[in-house]
Amino acid sequence: TNEVGKGLHVVGYLDNICQETKNGVPILGKLDQIRDVVAKYKVDEVIFALPVEQYKKANQLILKVDDIP
Numbered sequence: 004t005n006e007v008g009k010g011l012h013v014v015g016y017l018d019n020i021c022q023e024t025k026n027g028v029p030i031l032g033k034l035d036q037i038r039d040v041v042a043k044y045k046v047d048e049v050i051f052a053l054p055v056e057q058y059k060k061a062n063q064l065i066l067k068v069d070d071i072p
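The numbering used here applies: residue 4 is where the sequence shown begins, and numbers increase by one.
In structure tokens form, the structure reads like this:
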């Protein structure tokens, strides 16, 4: 399908700066809490939206959750 997000159920997002809901989507914690959030909400897919200069951070976050069943 060409519709972005079709079939996805967004449970929330992680943000180190903002502490408010955006477009009705709740903040579930900060980036360093990714492992706990993914496990708690039984997340199947994680979508990263980080600035290019934080590419290394994305790799670190992936490693934190890669082994969660």
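Yeah, the Cβ is synthetic: ideal placement off N, Cα and C, and Gly gets one too.
- Less than 8 Å divides the Cβ of arginine 38 from the Cβ of isoleucine 71.
- Counting along the chain, leucine 31 sits inside the beta strand (DSSP E) bounded by residues 30-32.
- Beta-bridge annotation (DSSP): tyrosine 16 is paired with Ile30.
- Beta-bridge annotation (DSSP): lysine 25 is paired with Val28.
- Between lysine 33 and leucine 17, the C-beta spacing is below 8 Å.
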